[in-house]
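Peer 1: For reference, the structure I am asking about is given below.
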């Protein structure tokens, strides 16, 4: 396969330094479940990155990171407040409800970002035995809609949540892309803002598999090992997960990869603005772009080079929906793309909808 | 680390051919979640190994394989019958109950093997609304006690279960070791016997991570993709899991690795029979051996070379327990051990309890 | 306590015929859990009311009826589609998610009524392993907003659901009030329309406690006894629940009580239209009325005669919210109210907000 | 039905004073969910009975009481240790595992009573992420085998549990029978011993339905209202449950009824010792008696007057099981039985197995 995929940033392979780290970890015997030198080293790097209070646990999937992070703070009668587009709400096949035995309350948003006022609406539930009790605010940075919370927006939300005895979880499947977009460090985006727990993803940014759950208060982790095991996120040969995080953090791969993916998206955007301006819906902030295409044209394009349909319900009226249906589609760039990949993709797009 | 660990067969690294397969899979872009050439190839190999009706799904951990396999057959009011030593009963931090919302009924055994009469005792539950309904019989091959079900024992159990409208799940975390011990093929141990679903493990036998759930009836898998995702066992870059199974099956690694581990255990046993006979409790059938050691001596040994305490409650009487306490300990061999490793370990053991 | 409560139709006592039935059931010994003559008689009456295929099971609470009814049709990866105001979504402290291990998808509505197009939006989830699978459409008749689905609206929804392999659950906590409003029989509202399962409530309409889950297809009930027991809805002395349904169905109490409650609400509405028109928001269809009151006035009123605040977020703008906040409040009538009760309440209301 | 049932103490009707209390509660309107004068009065009586720290919550079934009491102390990775005969383990259709998402560890016993050493075996689980964490010891007083823990046995168990950071739950479905047998007060059996939470049952002792969960430490109840609602144990017209407890406690009905049931069992035992001694297995301690009968004879008897088969697996050997099978059967007495009822039952038994 020579052409690169714009369907998702998980369609790429793995960065060579990550593969190298995995191979290097394959030496000798270690007691399982994290009692190895690679896990020790990776944990140290997380403390260097996020501060001394950061406690990291390695897990296996993004959904696994989100669910275990949320279970750490919720009893079965609690609620997690998130957006209607949140990965935990839409793309995890009900894993949060299934595993937590608790409820998600999802809030509609325009831009994928939760505001204090979205949470405030549910505060009257507090203390009333008929209602689930709001306990965690879960946000995604960068969001599922490709937007990025500013530092100030995050601070306001965390402050509001804490003032009402709620915790804040950040789904950071693409936190690297957000940090690059904001020009800030991972620490400025998390520790310094006061979030409580982070799903720190690397798979979409050049890692092989494995995610990290990072807690920012030492008191919160006492029972997490049981939660991780019970949710089937503990592996015996953990070193092959933790070793990946060593170059990811130590060699700044998280930054370099995300910068490349974001940069290529900006280049793609600039090219499409020039060559196919009518499909543009908004300027991308990270490595995702949402375009509007005629449904029949898009279907032909998807057969040639697959990408995802994002939203089928975007026509202004029933009339338009019948006569000339359009949908929203998503293009994504990956850490391993270079200008030639973009040029090839732009050529492909313009062949269908250029001019 | 130069010395190899006899604590568990998951303390070893990964076979070079597996690492090679992982590195080779790192080429180009593929649509995620299994839509790649490595997963297609691995699936084909599973059909060659287990027969055309075998449907395989790749998951992430042994516990994940067991839980999802069991969920495929159980509603929340069902029960799974297993032994009291079963991994699902003891070593999964309650994941089965937590994720299935169903009950395990665990049966005491002498040798870790379930018999039809153990299941029969619970048949009177059937149809009575006050009781969970027995639906799955779960067995481990080879067992947690290092024993191996014979083909005839398996056939009798499967026949009994099916006659009473129950399914049979086999936890095959060490099925390769069992097949080697019995001198039979994987197919003879599963498909030909009529079991319904298999947790096919490779991690304890030279793989990196990742397990396979193998169903033997096509009708049983319709909803399994949802079960896998909901239980956080689906990864985007699946090729790095599935690729490992290619040499594992194609190059007969499953057999060669297990044969080596079992063989080294037999050699260890022969040596200890000669040099430390009083610690022997029984002849190992696969790659695990259970020895009886004075507690105080064992504690010193564990500090030098770690191994697990298996059972603390083995003294004949309160008197013995106080004056001269002994416990049962487990030694395990791994796929990558050679005679020198065993000799070194025998020397270590004999230094404490030889003669 | 002489004044009657307009806070909820569950604030009343029990109809004398129901008390009489409970007392009459207190004779002699019967095998527990439903093996008694009262339960047999009540089951017969349900078949007379809903048709020969109707299978009834007695449970203990409205939430219990809803949850068990939904569990009968859902696996853990399924979704139930309902409105955002649905009792199951808001007022059951997460019992559905907790007990089903499945997800509710809640849809915003203007009038509390679900439309086929609300369900259609989620059909693209079908077959995709990342998403919960829509399996049940749950509606409330009459709705939590005091509105009533017409027979045609119900038919359209049922037809749509069945065409897409979904089941329809009706939360009939107030189905009697809806039937009276529509001038139709219970059977016309359920069996004849093709709904699959009904939570048939009586507590809000003059019964003491206990609800009934009515299935309309005999094939759907095989496992329901286990579901009921597992969800703690099975009582040993069931006759004291089932006996209540005998006069409720046989003496047409369901109809007479609902007619009285609805009628008294119409009288209350007529009086308030005349005497306090500015608080009216819409004409009630059954026994609930939603009024808009200045927040400070309402708080004084609630201290004198308690009623519930329904919605705090109804001001047109931030300006109004600060300077002159209003909220929506709910008044409800009960089966045991007579004109004098209404007159007394109208006098009370007008004392605060009349003219 | 003129003959009384010896199948279970839940086959009887309701004591006249209980019916009277229910009827008396049927006056006027009250805000639902416990905000009524009967619930206030009943709560006061519980404090008088169990001490000022006792906090009571009314629920609907015995299973509901057990499950909610256990959920108050357990997270999803915890374990509850009980006997293999425990009602929670055998007779609740998996409700505890289903609702708690946690594990029961059941221990075999000879007499239905748990000992500190039974719990001690699982202490090595503590702190190890692979194992569920023992958190609650659950005992039944009187036990499912008709035995009674002495005060000293209870004290030893509570002391052991607390010393190891575990809580003690008492399933008191028949606590009244136990208190009568021991000649002690309810308080001496619970508060004074230091148990943490009690399922206080009345249904088997002359009440209609409804149970009480009694906590002995005020700090433990903060979240219980949510747990009760989420587990579908909260009813709107609570007064009809709480009112029953008023005469039950105030008029000493709990004592008088249990004394009658126990006394009648002693009389039944004395008569059978004289007239059918060979069926006796042991002397009853409360109101349950276990007898050994030839299977074929018992089946005829059960058709004439139904009673439950308790244990089918009691023959000494396979030989006896084939040639002359016997099983264990249970006879129970109820609060409303008098000597004539016993005489009639003795005559019935002796007609089959006398002499």
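Chains as they are written, first to last, in the working numbering: chain B, 1 to 355; chain G, 356 to 710; chain E, 711 to 1065; chain H, 1066 to 1420. Don't be surprised by glycine CBs; every beta carbon is placed ideally from N, CA and C.
#1: Name the residues in the stretch 1093-1105 of chain H whose C-beta lies less than 9 Å from a C-beta of chain B; which are they?
#2: For residue 1263 of chain H, which residues does DSSP report across the bridge?
#3: Please go through the same chain and pick out, in chain order, the residues whose beta-carbon is closer than 6 Å to the beta-carbon of residue 713 of chain E, but skip the five residues on each side of it.
#4: Out of curiosity, what's the CA-to-CA distance linking residue 582 of chain G and residue 692 of chain G?
#5: Going by DSSP, which residues form a beta bridge with residue 187 of chain B?
#6: Using a C-beta to C-beta distance shorter than 8 Å, which residues of chain B count as neighbours of residue 374 of chain G?
#7: Starting from residue 944 of chain E, find everything on chain G with Cβ-Cβ shorter than 9 Å and list it in chain order.
#8: I'd like to know if residue 1156 of chain H contacts chain G, where contact means its C-beta is closer than 7 Å to some C-beta of that chain.
#9: Give me, in chain order, the residues of the same chain whose beta-carbon lies closer than 8 Å to that of residue 1058 of chain E; leave out the 5 immediate sequence neighbours on both sides.
#10: Is residue 211 of chain B close to chain E? Criterion is C-beta to C-beta, closer than 7 Å.
#11: Expressed to the nearest angstrom, what Euclidean distance is found between the alpha-carbon atoms of residue 1144 of chain H and residue 1198 of chain H?
#12: Going by the CB atoms, is the gap between residue 55 of chain B and residue 197 of chain B shorter than 7 Å?
#13: For residue 689 of chain G, count the other beta carbons within 10 Å of its own beta carbon; 16 or more makes it buried, fewer makes it exposed. Which is it?
#14: Excluding the five sequence neighbours on either side, which residues of its own chain have a C-beta within less than 6 Å of the C-beta of residue 878 of chain E, listed in chain order?
#15: Between the Cα of residue 279 of chain B and the Cα atoms of B:38, B:353, B:27, which residue gives the shortest distance?
#16: Checking contacts by CB at 7 Å: is residue 456 of chain G closer than that to chain E?
#17: Does residue 836 of chain E have its Cβ less than 7 Å from a Cβ in chain G?
#18: Taking Cβ to Cβ, would you say residue 1270 of chain H is nearer than 7 Å to residue 1322 of chain H?
#19: Quick check on this structure: which residue in H:1158, H:1106, H:1238 has the alpha carbon closest to the alpha carbon of residue 1314 of chain H?
#20: Anything in chain H within Cβ reach of residue 878 of chain E, meaning under 8 Å, just list it in chain order.
#21: For the alpha helix (DSSP H) containing residue 739 of chain E, name the first residue and the last one.
#22: Mapping DSSP to helix, strand and coil, what is residue 1268 of chain H?
#23: Buried or exposed, going by whether 16 or more other CB atoms sit within 10 Å of the CB of residue 475 of chain G?
#24: So the alpha helix (DSSP H) residue 1087 of chain H belongs to, where does it begin and stop?
#25: Along chain E, which residues have their Cβ under 9 Å away from the Cβ of residue 164 of chain B?
#26: How big is the Cα-Cα spacing for residue 760 of chain E and residue 850 of chain E?
#27: Using a C-beta to C-beta distance shorter than 7 Å, which residues of chain B count as neighbours of residue 1294 of chain H?
#28: Counting only beta-carbon separations shorter than 7 Å, does residue 1291 of chain H have a partner in chain B?
#29: What would DSSP say about residue 503 of chain G, mapped onto helix, strand or coil?
#30: Residue range of the alpha helix (DSSP H) that residue 1039 of chain E falls in?
#31: Out of G:650, G:373, G:467, G:486, which has the shortest C-alpha to C-alpha gap to residue 608 of chain G?
#32: Using DSSP's beta-bridge definition, name the partner residues of residue 643 of chain G.
#33: Can you give me the start and stop residues for the alpha helix (DSSP H) that residue 272 of chain B sits inside?
#34: Round the Cβ separation of residue 578 of chain G and residue 785 of chain E to the nearest angstrom and send it over; I've been treating them as touching at under 8 Å.
#35: Give the straight-line distance between the Cα atoms of residue 948 of chain E and residue 1098 of chain H, rounded to the nearest whole angstrom.
#36: Could you name the residues of the same chain whose beta carbon sits closer than 6 Å to that of residue 955 of chain E, not counting the 5 residues immediately before and after it, in chain order?
Peer 2: According to the data block:
#1: Taking 9 Å as the Cβ-Cβ cut-off against chain B, the residues of the stretch 1093-1105 of chain H that qualify are 1098.
#2: DSSP, once it has assigned bridges, lists H:1235, H:1279 as partnering residue 1263 of chain H.
#3: Counting only Cβ-Cβ distances below 6 Å, and skipping sequence neighbours, we find nothing.
#4: So the two alpha carbons sit approximately 37 Å from each other.
#5: Bridge partners of residue 187 of chain B: none, in fact.
#6: Within 8 Å Cβ-Cβ: 22, 23, 26.
#7: Result: 484, 485.
#8: Output row for residue 1156 of chain H: interface = yes.
#9: Shown here for residue 1058 of chain E: same chain residues with a beta carbon closer than 8 Å to its own, the five before and five after excluded, namely 1011, 1014, 1015 in chain order.
#10: For residue 211 of chain B, no Cβ of chain E is located within less than 7 Å of the residue's own Cβ.
#11: In a straight line, the C-alpha of residue 1144 of chain H is about 5 Å away from that of residue 1198 of chain H.
#12: Cβ atoms of residue 197 of chain B and residue 55 of chain B: not closer than 7 Å.
#13: Residue 689 of chain G counts as buried, since at least 16 other C-beta atoms from the protein chains shown sit within 10 angstroms of its C-beta.
#14: Within the same chain, residue 878 of chain E has close Cβ partners 847, 868, 871, 905, 906.
#15: Across the set B:38, B:353, B:27, the C-alpha of B:353 shows the shortest separation from the C-alpha of residue 279 of chain B.
#16: Chain E, which has a Cβ nearer than 7 Å to the Cβ of residue 456 of chain G, makes this yes.
#17: Under the Cβ distance rule, residue 836 of chain E does not count among the residues neighbouring chain G, no pair being separated by less than 7 Å.
#18: It is a contact, given that the beta carbons lie within the stated cut-off.
#19: Residue H:1106 is the option with its Cα nearest to residue 1314 of chain H.
#20: Around residue 878 of chain E, no beta-carbon contact reaches into chain H at under 8 Å, the shortest distance being about 22 Å.
#21: Looking at the DSSP string, residue 739 of chain E is not in any alpha helix (DSSP H), and its letter there is neither H nor E.
#22: Note: residue 1268 of chain H maps to helix in three-state DSSP.
#23: Its Cβ having fewer than 16 others within 10 Å, residue 475 of chain G is exposed.
#24: Per DSSP, residue 1087 of chain H belongs to the alpha helix (DSSP H) from 1081-1089.
#25: The premise fails here: residue 164 of chain B is roughly 16 Å from chain E at the closest Cβ pair, so nothing lies under 9 Å.
#26: Cα-Cα distance, rounded: 18 Å.
#27: Here the neighbours are 129, 130.
#28: Interface residue, yes.
#29: Looking at residue 503 of chain G - three-state DSSP - the assignment turns out to be coil, as it is neither helix nor strand.
#30: Element bounds for residue 1039 of chain E: not the alpha helix (DSSP H) but the beta strand (DSSP E), 1036-1042.
#31: Nearest of G:650, G:373, G:467, G:486 to residue 608 of chain G, Cα basis: G:373.
#32: Partner(s): G:687.
#33: Its alpha helix (DSSP H) spans residues 253-275.
#34: Rounded to whole angstroms, the Cβ separation of residue 578 of chain G and residue 785 of chain E is 7 Å, and the two are in contact under 8 Å.
#35: For residue 948 of chain E and residue 1098 of chain H, the distance between alpha carbons rounds to 22 Å.
#36: The answer, listed in chain order, is 752.
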